[in-house]
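If you're matching positions, the sequence shown starts at -5 in the numbering used here and goes up one per residue.
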Amino acid sequence: YLLPALLRKLVEENPLLDVDFAIGNRSEVIARLLDYEHDVALVAGAMPDHPALKVVHLDDEELIPFGSPDSELARRKTVTAEEFVAQRLFVREPGSGTRETVDSLFARLNLVPRERVELPNNEAIRQAVEANMGYAILFRSAVEKDLRRGTLVEINVPELHCVRGIWLVYRKGQFLSAAIRRFFEALAVEVDEGQRPTE
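Encoded structure:
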């Protein structure tokens, strides 16, 4: 959700720049980077740990539980984590950074969801939750517009408050072209003013 606006600005400032990007789950993105299919990656969740990769922390973002405004839990001021996981939960597929973070959070709290339905992307999850078919936990930025429009609402589950990192990842020792350096500069301005990754 950070990338499209960032790339638009980068291309506007550098009209001859040829940008190619792909969206995938965390494990797919890291694999493509290691296979030299991509030069850089943005991933969310736990810090990627691989000896061939350079990792730079860009920002943190909050994961939030949410539901339909017509849902039972939306009418409650506070919900316990146990009550939340007793509902049908829509989750990302294994390998997704969001899924890894949510699974880790549930394990840390000894929570076992009653029913999990895997969906392949955030859009499918948002639509299922908006249709009042269950609940989910995603990045706040993934549902921000829906929250503002009132088509989705945040469910207050204090134990499930979770913040995860957003990371810039690239191969150690790789040549950093002028285009990659411009991308790094744009990230530094958009995400963490003044800090620029180095080789």
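The beta carbon of each residue, even a glycine, is placed where N, CA and C say it ideally should be.
Computed from a prediction, not measured in an experiment: that's the story for all the values here.
Check whether residue i and residue j have beta carbons under 9 Å apart
i: A68; j: I160; result: no
i: V147; j: L105; result: no
i: F178; j: V34; result: yes
Nonlocal neighbours in the same chain, by C-beta distance under 6 Å from residue i, ignoring five residues either side
i: L99; result: C156
i: L28; result: none
i: P107; result: V79 and L83
Endpoints, the beta strand (DSSP E) within which residue i is located
i: V157; result: C156 to R165
For residue i, the first and last residue of its enclosing alpha helix (DSSP H)
i: V79; result: A75 to V79
i: R142; result: R134 to R143
i: D97; result: G91 to R102
i: V23; result: R20 to L28
i: A40; result: It is not in any alpha helix (DSSP H) - A40 carries neither H nor E in the DSSP assignment.
Inter-residue Cα distance where the pair is residue i and residue j
i: E184; j: G18; result: For E184, the predicted model reports a pLDDT of 40, less than 50, meaning its position is unreliable and no value from the coordinates is stated.
i: S(-1); j: L113; result: First, the residue type needs correcting, since residue -1 is Ala and not Ser in the sequence shown. Taking the straight line from one Cα to the other gives about 25 Å.
i: V49; j: I24; result: 11 Å
i: L1; j: T72; result: 39 Å
i: I174; j: E22; result: 21 Å
i: L52; j: L181; result: 8 Å
| Taking contact to mean at least 3 C-beta pairs separated by less than 8 Å, is the region 44 to 51 in contact with the region 118 to 133? | Contact between the region 44 to 51 and the region 118 to 133 is not established, with fewer than three Cβ pairs separated by less than 8 Å.
| request: Evaluate contact between the region 55 to 73 and the region 8 to 23, counting only Cβ atoms and requiring at least three cross-stretch pairs below 8 Å. | output: Taking 8 Å as the limit for Cβ pairs, the verdict is that the region 8 to 23 does not touch the region 55 to 73.
| Are the region 83 to 94 and the region 32 to 40 touching by the rule of at least three beta carbon pairs closer than 8 Å? | Yes: at least three Cβ pairs fall under 8 Å.
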